[in-house]
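J.:
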Amino acid sequence: MKRPSAMLLTGDLREYALAASVSRRFAAQRGLSSCQPVCRPTPVSGRPPPGQLRAQGHYRTVGIPLDALTGPGNLDRRARALRHAFFPAHAPPVVAAPTWPPGPLARAVFTAVSSDRPLVFAETATALREPAPEPGGHWVLADSRSPLAVVAAGYAAATGKRFAVVERGEHLGDWLRRVEHDSAILVAEHGVFGKPFLQELATSRQSPLAPGVMTAYSAARFSRLVWRLLAHRDFRAGGGRFGEPDRRPVPLRDTAPLEHYVLSGHGNELHVHHGDDEVVCGAFPVEERTGAPEGFDCERGCPYPGRIRGADVPVTTAVLLSCESATFGDGFAPRGHSVLLNLLDGWCTSVIAPYKHAMVTPELESLAEALVRGGYRLGEIAERLNSLVGPHGVPDAPFVLLGDPELVPATTPRVDSAVRLARQGNAVVVECRTAGSRVLDSVIPLDHLGPVTAVPRGLAVEPVSAELVSADVRFAFRSPPTADSVGVLVFGRTEFPAVPLRFRLRRAALPTVDELDRLRADLRAVADLSALGLDPAFLAAQTRGIADLLDPLLAYPRLPESILNHTLLRHYDALRDSVLRVARRAVLGQLREILGETALWISHRYAGSYGLTDRTRADDPLRPCPRCAASTSAWRYTGGCRGLAPRTVEVCPRCGIVADTPDPAALDVTFAGSGAFTDRTEHRRVTVRNLSTVRQDVSLFAQFTEWRAQGISVEPGIVDTHLGPGEETAFTFTFSCRDRPHDELASLHVFALTARFALSCFTQRVLVCQAGTPTRVGVPAGEDGPNGPSGPSGPRLGPVLPMVARPVEGAGAKRGSGGGEG
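What follows is the structure, encoded as structure tokens:
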């Protein structure tokens, strides 16, 4: 059974110093697992929150007043009583300590505890000389003016760290830059750690471990934080272990104690939203809200039914991914309202949090989770998160560590990945072997890659091992300490198998500026279709769909990035064409729906957005109508201030509008035959020709106006084709009616949309007749019109087919290539 631990409850810091000097011997004498001093709550420091009391129960800790060891009396009498009770007659020389100020008292406490010597107070005691700092080692640095320095000295001695005090808290940063160190904890009043200080701290790269900060509103609260740090250390050393989250989010109000948790949500320095209905609140008890504006009380009338005070969150180590939550003395919320300090006032002992706005994504949450579960030390986690670089190549470094950089939240420390590099042309194959970690951590010299235009914008990561080919595997570039290399973190949502895993680092195949300009022009062209009568909201949804698919590739590499995306990026042209084809077909589907309800003439819809500038083109006056050979006129429209592409409408005095196209036209459509629609099933052959000098990808459909009222369906529906310059292709469309159609003069439209979203419409007038094939006006029965036979001697239109006919065999045959889809 685990042995209990104890806390020696003291009054002021002088009593704390006495208790610290004997706590180790007291634990050994009483058979306790550990013993640490804790300042008693005072009216200012407040009663311990429920979260800390719960932790005290889990650590099986009992509180013992220092008076129970020494009896009543002044400091001298108590010091003698402790020396007599815990040190033998031949005890080592005493450490004489001044009763104040904090700096010399802290130095005396560190000396007494680390050398296991008794502590006595002497008004005439001189301050112990501050030793010259030696390079290397793990340090605790404290502001000599702060009472927190006394508690910090006890923590440094208990953990085997070096200890130093600086004259002022503002000089802590100077010490970090001046002295070589392996890790450092900075201790000062919370007001010292303003935003400029935290910014300098987050960008510090003096050691492999990011520096940590430790602070609190009072020395009493700080002593409770240090007690929990050491109690949890002893708890872990004795085989104790809290649970790990099996999902995110977990209900913080009801969860069992957790070793670590990535707490993510929108928030600020006062509140953090978590999950669906929880809000972590930073309000301290009323007695701690000194200096708050009169009447400010976020608990009064709180609108959050799922509110939970930060001190009650049962998490030992938290990665808090909420903007600006690491705010101390220079925030907007008044003293006594800090979600970060409130977390550290109850159960939690360590927090990594952003001091400014941070771009928090689900991928960043996964990376933080992978680093925590991968056995990284807290200083390594903060360093990795702060060294991440996006395409711009400059780390943003928004995170600060509140805690000890050497602590490991996971069960076991990480094992460095065994990394092997192999050149492969202008690429590097990286092989990592890790023992069941979620992270592959490597640093690659840039000279292995040949010339690279930019780091990391010009670099890409691709999976080689099958185990890495997964949508759950991502990577992030980071800026290593040396300028001639790049760091790569490959991570997943679950542990990687303990086998060699390989990925490839290569130069990225990024779209050119011209390709990006073309895509932007295509998206503008989609939006401009609203001028032709399409619903702007529908078109906006299409552009969003295109952007949602392609933007992640165009921003490559994002932070973090999918390990699969560069494979897609290398096929960007095909992917873009596929995405745009889907959008083209959606637009044509919308036009077809509009055509089913109305007689759609798009020039009637865009006339208000365009200006009519010319009625006959100077370069093509009165050309023959492609349907009946009558003379036509051409109306030319320009797009005005919106910069819309010019359009030309060709008008026949007999056939009406026969073509509505961009100017110059890229396509032409001709109809084979002009026979009437006399049966429930009719076939029409349509030829599409590329008039331009470039390849055209085209989607098109054919259908009658008001086809829904007539009950007309068509096969195939929307078809796609690819036409080289001057190339043409033909499709046969089969139209079917549920019932025999009523007599009407109808319009058959062919709408065609190119890859650049240039819309063309071609029209043929068709006489719908129930009684059989009519005689055309002006053309005797059995004679040919300008577009082929139209009377009884012409080809029969085929037998009656079911309501929706199958595509005619050979439909889509072309001098080129084409295809259809229902």
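So the number in the working numbering is just where the residue sits in the sequence shown, counting from 1, plus 19.
C-beta: ideal position from N, C-alpha, C; glycine also.
CA-CA distance, L249 and S53?
T.: Here the question's residue 249 lines up with position 230 in the sequence shown. Here the question's residue 53 lines up with position 34 in the sequence shown. Going by the C-alpha atoms only, they are around 9 Å apart.
J.: Using alpha carbons as the reference points, say which of S549, E189, V598, R266 lies closest to L572.
T.: Here residue 572 is taken as the residue at index 553 of the sequence shown, counted from 1. If we check each option's Cα against that of L572, V598 comes out closest.
J.: What did DSSP end up calling N93 once you bin it into helix, strand or coil?
T.: Counting from 1 along the sequence shown, the entry for residue 93 is found at position 74. Three-state result, N93: coil.
J.: Near G350, which residues of its chain fall below 6 Å by C-beta distance, leaving aside the five closest residues on each side in sequence?
T.: As a working note, residue 350 is residue 331 in the sequence shown. Around G350: E288.
J.: Should Y629 and L663 be called a contact, given that it needs their Cβ atoms to be closer than 8 Å?
T.: Here residue 629 refers to the residue found at position 610 of the sequence shown. Here residue 663 refers to the residue found at position 644 of the sequence shown. Yes; because the gap between Cβ atoms is below 8 Å, this pair is in contact.
J.: Assign R187 to buried or exposed, taking buried as 16 or more other Cβ atoms, counted over all protein chains shown, within 10 Å of its Cβ.
T.: To locate residue 187, count along the sequence shown from 1; it is residue 168. Its Cβ having fewer than 16 others within 10 Å, R187 is exposed.
J.: For the beta strand (DSSP E) containing N709, list its first residue and its last residue.
T.: Translated into positions along the sequence shown, residue 709 becomes position 690. It spans 700-709 - the beta strand (DSSP E) in which N709 sits, taken as one unbroken run.
J.: Using the rule of at least 16 other Cβ atoms within 10 Å of the residue's Cβ for burial, across every protein chain shown, is P432 buried or exposed?
T.: Counted from its first residue, the sequence shown places residue 432 at position 413. By the neighbour-count definition (other C-beta atoms within 10 Å, threshold 16), P432 is an exposed residue.
J.: By the three-class DSSP mapping on this structure, what secondary structure does T773 have?
T.: Within the sequence shown, numbered from 1, the residue matching residue 773 stands at position 754. Three-state DSSP puts T773 in a strand.
J.: Roughly how many angstroms lie between the CA atoms of R49 and L363, to the nearest whole one?
T.: The sequence position of residue 49 within the sequence shown is 30, counting from 1. The sequence position of residue 363 within the sequence shown is 344, counting from 1. Their Cα atoms are separated by approximately 30 Å.
J.: Closest by CA to P152, which one among V170, L101, R197, A574?
T.: Taking the first residue of the sequence shown as position 1, residue 152 is located at position 133. The residue with the shortest Cα to Cα distance from P152 is R197.
J.: Using DSSP with H/G/I as helix, E/B as strand and the rest coil, what is H585?
T.: The residue labelled residue 585 in the question sits at position 566 within the sequence shown. Correct three-state label for H585: helix.
J.: How is V159 classed by DSSP in three states: helix, strand or coil?
T.: Taking the sequence shown and counting its residues from 1, the one referred to as residue 159 is at position 140. Strand, per DSSP.
J.: Assuming I8 and L542 make a contact with CB atoms under 8 Å, what is their CB distance in whole Å?
T.: As shown, the chain starts at 20 and ends at 841. That puts residue 8 outside it, with no answer to give.
J.: Looking only at C-alpha atoms, which of W726, F776, L217, D682 sits nearest to S718?
T.: Within the sequence shown, numbered from 1, the residue matching residue 718 stands at position 699. Nearest of W726, F776, L217, D682 to S718, Cα basis: F776.
J.: Taking the alpha carbon of H376 as the point to measure from, which residue in I400, L383, F418, G30 has its own alpha carbon closest?
T.: As a first step, residue 376 is located in the sequence shown; it is residue number 357 there, counting from the start. For H376, the nearest C-alpha among the options comes from F418.
J.: Identify the continuous alpha helix (DSSP H) that holds L32 and give its terminal residues.
T.: By one-based count along the sequence shown, residue 32 stands at place 13. Its alpha helix (DSSP H) spans residues 32-49.
J.: Taking the DSSP output, what are the residues bridged to F522?
T.: By 1-based counting over the sequence shown, the position of residue 522 is 503. Answer by DSSP bridge pairing, in chain order: V449, P482.
J.: Do the CB positions of F752 and R673 come within less than 8 Å of each other?
T.: Here the question's residue 752 lines up with position 733 in the sequence shown. Here the question's residue 673 lines up with position 654 in the sequence shown. Against a cut-off of 8 Å, the Cβ pair of R673 and F752 comes out as no contact.
J.: Spatial neighbours of L568 within its chain, please: C-beta separation below 6 Å, excluding the five flanking residues on both sides.
T.: By one-based count along the sequence shown, residue 568 stands at place 549. Taken in chain order, the residues that qualify are V598.
J.: Cα separation between V688 and P665?
T.: To locate residue 688, count along the sequence shown from 1; it is residue 669. To locate residue 665, count along the sequence shown from 1; it is residue 646. One C-alpha to the other measures close to 19 Å.
J.: For A648, verify whether its CB is less than 7 Å away from any heavy atom of the ligand NAP.
T.: For the structure depicted, the ligand NAP is absent and the ligand set is empty, with no information on it obtainable.
J.: Grab me the residues of P519's own chain with a C-beta within less than 6 Å of its C-beta, minus the 5 sequence neighbours each way, in chain order.
T.: In the sequence shown, residue 519 corresponds to position 500, counting from 1. Cβ neighbours of P519 beyond the five flanking positions: E450, R452.
J.: Is the beta carbon of D491 closer than 8 Å to that of R512?
T.: Here residue 512 is taken as the residue at index 493 of the sequence shown, counted from 1. Here residue 491 is taken as the residue at index 472 of the sequence shown, counted from 1. Result yes, Cβ atoms of R512 and D491 sit closer than 8 Å.
J.: Between the Cα of G173 and those of D201, W194, E189, L138, spot the shortest distance and give me the residue it belongs to.
T.: Position 154 of the sequence shown, counted from the first residue, corresponds to residue 173. That would be L138, whose Cα lies nearest to the Cα of G173.
J.: Suppose the cutoff is 7 Å on Cβ atoms and the five residues either side in sequence are ignored; what does the same chain contact list for T586 look like?
T.: Working through the sequence shown from its first residue, we reach residue 586 at position 567. If we look at T586 and ignore the five residues flanking it on each side, its Cβ neighbours are E481.
J.: Distance check for V370 and L282, CA to CA, integer angstroms please.
T.: Reading the sequence shown from its first residue, position 263 is the one you call residue 282. Reading the sequence shown from its first residue, position 351 is the one you call residue 370. In a straight line, the C-alpha of L282 is about 10 Å away from that of V370.
J.: Report yes if the CB atom of S357 is closer than 8 Å to the CB atom of C58, and no otherwise.
T.: Position 338 of the sequence shown holds residue 357. Position 39 of the sequence shown holds residue 58. For S357 and C58, no; Cβs fall outside 8 Å.
J.: Which term fits Q443, buried or exposed, when burial requires 16 or more other beta carbons within 10 angstroms of its beta carbon?
T.: On the sequence shown, position 424 is the one that residue 443 refers to. Looking at its Cβ environment, which holds fewer than 16 other Cβ atoms inside 10 Å, Q443 is exposed.
J.: Should the region 384-397 be regarded as contacting the region 332-349, the criterion being three or more beta carbon pairs within less than 8 Å?
T.: yes
J.: Closer than 8 Å is the cut-off here; do at least three beta carbon pairs connect the region 159-175 with the region 198-206?
T.: yes
J.: When the Cα of A269 is compared with those of P123, G320, V298, which residue comes out closest?
T.: As a working note, residue 269 is residue 250 in the sequence shown. Reading the sequence as shown, one finds Val at residue 269 and not Ala. Nearest C-alpha to V269: V298.
J.: Once you ignore the five residues that flank G817 on each side, which residues in its own chain have a CB closer than 7 Å to its CB?
T.: Within the sequence shown, the letter at position 798 stands for residue 817. Bear in mind that the predicted position of G817 carries a pLDDT of just 32, short of 50, making it too unreliable to give a figure here.
J.: Considering only their Cβ atoms, is the gap separating T773 from L614 smaller than 8 Å?
T.: Position 595 of the sequence shown, counting from 1, holds the residue named residue 614. Position 754 of the sequence shown, counting from 1, holds the residue named residue 773. No; because the gap between Cβ atoms is not below 8 Å, this pair is not in contact.
J.: Once the 5 residues before and after E34 are set aside, which same chain residues still bring their CB inside 6 Å of it?
T.: For the purposes of this step, residue 34 is taken as residue 15 along the sequence shown, with counting starting at 1. Result list for E34: L85, in chain order.
J.: So what does DSSP say about T178, is it helix, strand or coil?
T.: Within the sequence shown, numbered from 1, the residue matching residue 178 stands at position 159. Looking at T178 - three-state DSSP - the assignment turns out to be helix.
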